[in-house]
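The next block holds one structure in the form of structure tokens; read it before the comments.
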DNA sequence: TATGAATGAGACTTCATTCAT
DNA sequence: AATGAATGAAGTCTCATTCAT
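Residue numbers (the working numbering), protein chains in the order written: chain V, 2 to 189; chain P, 2 to 189; chain G, 2 to 189; chain X, 2 to 189.
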């Protein structure tokens, strides 16, 4: 019954992700979104009550996906686990940038957005805990150098994800190179 | 001389920089700006013809400052020069983020903004050339490992600047630690 | 016979009356209406072509009902007739308020609404004529005081209907008390 | 300094009152308002942050005015005081209707509107207290008939204000006639 | 017949920019 | 030179109504 949908919810969230990354949270408009979908602007409101809910749902989906993959990582060897995680994060390089915008979402208008945001924060914490755990174990294993404070090593590792893949290598290769650079250093 | 000075051009650009970094290009409004200055919103138009010119002038000033420092670096020892440059860039960590927003400036309204943007692009190219030059020389000196493609090493180096200084170390110390991590790697 | 009956026309008009009284004509939406019925919003259009027709039909039904009762009143004793009419009007206290909204209905879209509205106006006039007739006869009978202009007595009588029944008395009792107050006055 | 205003705050509130009475709260639009003022719609936002604040400010001004006059009434003779109050209320016949709309104002968006609404409720209570006080004293003085419950007398009195002045008498005369009708009754 | 989906018109609100004092 | 006031363009959102299943 009813008409056929002009765009699916998945298409909507995919496009939202693309546009938020391209234009930033404040540069993201529903007009822009509707121009990149097949339907009219007002149709979007059939699915989400307001702009905030759209962006929150989009971010939730991204981080939920990362969380799922990260939870499946075998943590028995810390360094190996870190490399695997790096691959996951590089695959979803947008994560960081999106999370940076998450704090801009005004949740006073929408309980749905507030709920999504809470999920996002919980997931974020879970991911950070996992990394902390692995880093600490790696340090106890003496796998990491001791002359650099752990927060610096972690910070640089974290920041690695954002490195633009200008050579357009497959993410698996790209991630492995980044890990090699991070672990082994640049000097010969 | 007429009315009392409300705010200087420097104050205006400083506040613009702060607010653009805080809110992103699209989240930056003249209303916001005037709220953080002592005068009225319309007074801003005594200095700049429109929003685009303000942001362009702000970015130009930032990159001109970096360019000046970077030009003064002694390039005789490539690795040493890179470390010095890293310090400069870390000092002006906002540079990257601001440059990312530069492309959003719509120059069709303002020749002044267009001129500033051109300057910015030239300066950006100059800085990139300097880095390429140094990296190439470092590689020829066999100071850098050969098993990782040069673009990867450069990319990671570049990305280093954005690492948030969560320990709030003095920038000189922070920059040195970043360099050590980058050059020597994380493993013990 | 096809799908299950969702809501009857009577339910639709009853709910319309309730909601128009609660929210006023401009605060009455089809969305609101459908939320208080069992079916979908679009199903309403199986019964009426547009919002105006619904409200017009609702008002017509109300005034037709009052008209029917008022026509049956025995007018031989003017004062007695007025008391009986008061009971009828108090029973349908909403009438006044609804008639006040009738003028807001835009009939340019719908001939059906225009026809209903015409009926409403005719009925309204009929009711007013009945009251005028009774009042005039009552005055000729010297049943009413002469020092107050007749329009004032009529106006106060008319306005009586809207008095909120805050003690929640049965309408018959409530109406009788109102009539006593009107006819006998407040002083001891 | 600055341009000359196109309309004053008083003009704005006067017109708001007129239009809210004419169209009801839900039928009142800023577009409508601006069409009845000299300026553009957006200019209104220089003075009030949103629609709710405008209506709240309008109602506050009306009730504050009534409160001021009602407070000045000499209450030594209850019936005389009631007659004087009736005149005041008839003069501001809109009060009741406006107060009915007051509950529709959504204050979640605006603290200013919430504050005004609180004032309105306090003032409303003060006025109701004054009437209750006078009615009770009038009853103790045996000035009012005992066979009708006091709430009915009060209710009818209250409702008197809304009687449309169809003969267009000066309000003083009109009020006196209403009072005479109420106190003495309709019968000869 | 009933309805989910689509949509344009219209209302609210913000903001860059201009104007006039 | 500084600014309060004015304004139109643009974005958010709601709703009556239509469409197609």
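All C-beta atoms in this analysis are idealised placements derived from N, C-alpha and C, irrespective of residue type, glycine included.
If you drop the 5 nearest sequence neighbours on each side, which residues of the same chain put their C-beta closer than 8 Å to that of residue i?
i                      : result
residue 139 of chain V : 79, 80, 83, 145
residue 96 of chain X  : 63, 64, 67, 90, 162
residue 247 of chain V : Here chain V covers residues 2 to 189 and nothing more, so residue 247 of chain V does not appear.
Distance, Cα to Cα, residue i vs residue j?
i                      : j                      : result
residue 8 of chain X   : residue 31 of chain X  : 15 Å
residue 115 of chain G : residue 57 of chain G  : 8 Å
residue 155 of chain X : residue 184 of chain G : 16 Å
residue 85 of chain V  : residue 173 of chain V : 10 Å
residue 143 of chain P : residue 182 of chain V : 16 Å
residue 61 of chain P  : residue 34 of chain G  : 59 Å
residue 137 of chain V : residue 170 of chain P : 22 Å
residue 5 of chain V   : residue 39 of chain V  : 12 Å
residue 10 of chain G  : residue 119 of chain G : 21 Å
residue 41 of chain X  : residue 104 of chain X : 28 Å
residue 148 of chain P : residue 188 of chain V : 11 Å
residue 43 of chain V  : residue 186 of chain P : 52 Å
residue 45 of chain V  : residue 46 of chain G  : 24 Å
residue 124 of chain V : residue 133 of chain V : 14 Å
residue 69 of chain V  : residue 164 of chain V : 23 Å
residue 113 of chain P : residue 2 of chain X   : 30 Å
residue 141 of chain V : residue 141 of chain P : 37 Å
residue 121 of chain V : residue 122 of chain P : 37 Å
In this structure, what does DSSP give as the bridge partners for residue i?
i                      : result
residue 188 of chain G : X:145
Could you say which of the options lies nearest to residue i if we only look at CA atoms?
i                      : options                    : result
residue 168 of chain P : V:143, V:92, V:157         : V:157
residue 12 of chain G  : G:186, G:174, G:142, G:36  : G:36
residue 18 of chain V  : V:48, V:94, V:76           : V:94
residue 27 of chain P  : P:137, P:15, P:107, P:124  : P:107
residue 73 of chain P  : P:126, P:131, P:40, P:110  : P:131
residue 29 of chain V  : V:160, V:69, V:53, V:129   : V:53
residue 150 of chain G : X:160, X:121, X:113, X:178 : X:178
Below 8 Å on the Cβ atoms is my guess for residue i versus residue j; work out the distance and round it to an integer in Å.
i                      : j                      : result
residue 25 of chain P  : residue 117 of chain P : Actually they are not in contact, since the Cβ atoms of residue 25 of chain P and residue 117 of chain P sit about 19 Å apart, beyond 8 Å.
residue 99 of chain G  : residue 21 of chain G  : 7 Å
residue 76 of chain P  : residue 135 of chain P : 6 Å
residue 128 of chain P : residue 71 of chain P  : 6 Å
residue 160 of chain G : residue 166 of chain X : Not really, about 11 Å apart at Cβ, beyond 8 Å.
Among the residues of its own chain, which have a CB less than 7 Å from the CB of residue i, if the five just before and after it don't count?
i                      : result
residue 51 of chain X  : 110, 111
residue 126 of chain X : none
Give every residue of the same chain whose Cβ lies closer than 6 Å to the Cβ of residue i, excluding the five residues on either side of it in the sequence, and list them in chain order.
i                     : result
residue 87 of chain V : 176, 180
residue 49 of chain G : 55
residue 59 of chain V : 14, 17, 18
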